[in-house]
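Note sheet for the following structure.
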Amino acid sequence: MFFVIPTLLLVKTPILECAKIACLATHCSLRFVNSATDKNKGANYSATLNKKIVPSYIPKMAKTFCLDDYDAIGFDLDNTLATYNLKNLLEMEYNCLAEYLVEEKGYKEEVLMKPFNEKSTDFIQRGLIVDSQRGNLLKLDYSGKIVKVAHGLSFLTPEDIKKTYGEHLTWEVTNEFVKDFLATWNGPLSEKMRTFLDYFDMPASLIFARAVEEIDKQNDGRPVESYTVYNDIVDGFNFMFTPAHFAENKGKFFPLIKQHPDKYYKKCSPHVLEWLKELKAKNKILFVLTGSYIDFANHTATTCLGDDWKQYFDFIGYFSKKPGFFTGVNRPFLRLNNLKEKDEILSTELKSGQCFSQGNWDGLIEAMKKSLNKTDIKPLYIGDNFIQDLYTPSKYTHCDTVAVCEEQSAEGFPTKEHPDSSYLKSNLWDSYFYTSNSSEGKTPTIWSDILKKHCKICVPSISYLASEPINKKYSTFNDEDSNFSTDGFYPTR
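Note that the sequence shown covers residues -18 to -1, 1 to 475 in mature numbering (1 follows the signal peptide of the UniProt record, and there is no 0).
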């Protein structure tokens, strides 16, 4: 997860403010803001994330998938190994952010502190794109065509969408985004659009829409020339998720999640822990890569997996700053002491049983090869963030991926419904995976397209994988089919 905040830098954010925001280290807040501080530190992110050269020819994906075929299996932490009571988490995040905007930015309490309930949350959906200057939220299909637009809380008609974005229903910024999902991660394009990629930033879409609605109301019901709402939202994320605030008990989010762990976290099933032991017994390297800072990640893992959680893994990487971990070939590994970063450790010094912060994929792969005494290994990474955990490792490394996506069960295919389904599925935005059209049927969204092209399979939880035999063979997504189907989603009916 982003780790947990989207990649949105607001329009016309001053450089110093960008640098302040960029220091965010939790899953949510990092995506918006990594670029400025990393550029100032000179180590990790460039305007192109130090991207590796990607081969022009990408081999077609194998048609079957089996866990037992892999030498090294890695996991994201938040919303993958560690899961949350999403209803409670989303409501808490909404309230924390809304209270900040009311108290610190002068927004009206009666506008933002409206109920966050099943009715109002029909407006939110993971994966919405912010056109921050126009005050719009967008949904794209697999080709990059804009299929739905909301301005404030009102949806534009097809005619109004064409007036805003042209006859082809495209925007030059999202065109670049669809070509390469890291194109808007930082640099000039990141100041124009960002995405709500995970459950830590998803509630902000409702706040954004309510605020835009009120601004228009104060302008005699007409849109203004440019909106700065998202600048204020990023400041709110900074307040909530700044890494130091976990130890300092500041920012509302960390104090609440520390005080009421049973309200926000779910305990990991014993059969998942046994499954991890079984994987290790088969001489497989297990590793964790999380974007969360060390103390928060340790709190989360201890709460969900138990005090002895580290015993299940050979390597544990904190504050990994994905997607840069998979693309930034020169990012150093840092040694840990008392849950804090210390001096640099060379990748050649990494060994099984070690924890580190930051680092890079190439160095970790070499350490895992050394640990297994092999010259080449086959790695797999399992995560929930479609850009950080799935697209980037698939495109920029030789690592296969598996998606964990709770929307799958929330929408009722092909499994029973998610307990928090009313907070994860939207009648207003249609399915997370497709858009319905009377003449064309179900058209895949950009997120379905990532699954088809960059993932082996998609599951609703790690618990499902752990309930199946390690040597089970699954049919994978068909990356040549442009239509939406449930092939590649497991469990099947």
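Beta carbons are placed, not taken as given, at the ideal position from N, Cα and C, and that holds for glycine.
Rounded to whole angstroms, S430 and C437 show a C-alpha spacing of 10 Å. Per DSSP, the beta bridge partners of A64 are D60. When secondary structure is reduced to three states using DSSP, P140 falls in the helix class. Boundaries of the alpha helix (DSSP H) around N213: 211 to 223. Taken atom to atom, the span from the alpha-carbon of L354 to that of G148 is near 55 Å. For H133, no alpha helix (DSSP H) segment is defined; the enclosing uninterrupted segment is the beta strand (DSSP E) at 128 to 133. D183 and E75 have their C-alpha atoms roughly 8 Å apart. Fewer than three beta-carbon pairs drawn from the stretch 300 to 311 and the stretch 324 to 336 are found closer than 8 Å, and the two stretches are therefore not classed as touching. Judged by beta-carbon spacing, P426 lies within the 8 Å limit of D123, meaning their Cβ atoms are closer than that value.
Comparing alpha carbon positions, the residue from L79, T458, E388 closest to M222 is L79. Assignment of beta strand (DSSP E) within the stretch 81 to 106, counting only whole runs of 3 or more residues, yields no such run.
With contacts defined by Cβ atoms closer than 8 Å, G288 and V194 do not form a contacting pair.
Of the candidates N265, P237, K174, L255, the residue whose Cα lies closest to the Cα of H281 is P237.
Linking V160 to E207 through their CA atoms gives a straight-line distance of about 26 Å. Here L372 has G365, T383, A385, I432, H436, C437 as same chain residues with Cβ atoms under 7 Å from its own Cβ, once five neighbours each way along the sequence are excluded. DSSP links E326 through a beta bridge to L316. Three or more pairs of CB atoms, one per stretch, sit closer than 8 Å, so the stretch 172 to 188 contacts the stretch 104 to 114. Ranked by how close their Cα comes to the Cα of K130, the residues Y247, S413, K322, T458 have S413 in first place. Collapsing the DSSP output to three states places P170 in a helix. Counting of Cβ neighbours within 10 angstroms places S274 among the buried residues, the total reaching 16 or more. The residue from F459, L71, D51 with its alpha-carbon nearest to that of H242 is L71. Under DSSP, Y76 takes part in no beta bridge, so it has no partner. With contacts defined by Cβ atoms closer than 8 Å, F269 and G134 do not form a contacting pair.
The shortest C-alpha to C-alpha distance from K424 to any of D344, I444, T468 is the one to T468. In the structure shown, S251 falls within a coil segment according to DSSP collapsed to helix, strand and coil. A buried status is given to D180, since no fewer than 16 other beta-carbon atoms sit within 10 Å of its beta-carbon. Here DSSP, grouped into helix, strand and coil, assigns Y378 to helix.
With respect to the 8 Å criterion, I444 and T62 are classified as neighbours on the basis of their beta carbons.
Between the stretch 308 to 318 and the stretch 290 to 297, the count of C-beta pairs closer than 8 Å stays below three; the two stretches do not touch. Within the same chain, Cβ atoms closer than 6 Å to the Cβ of K434 are found at F459, D461, the five residues on either side in sequence being excluded.
Taking each of K324, L59, K266 in turn and checking the Cα distance to Y247, the smallest one comes out for L59.
The C-beta of R108 has 16 or more other C-beta atoms within 10 Å across all chains shown, which makes the residue buried. Taken through DSSP and simplified to helix, strand or coil, R204 comes out as coil. The shortest C-alpha to C-alpha distance from K69 to any of F415, A392, F471, Y472 is the one to A392.
Here E260 is near I452, since their CB atoms are less than 8 Å apart.
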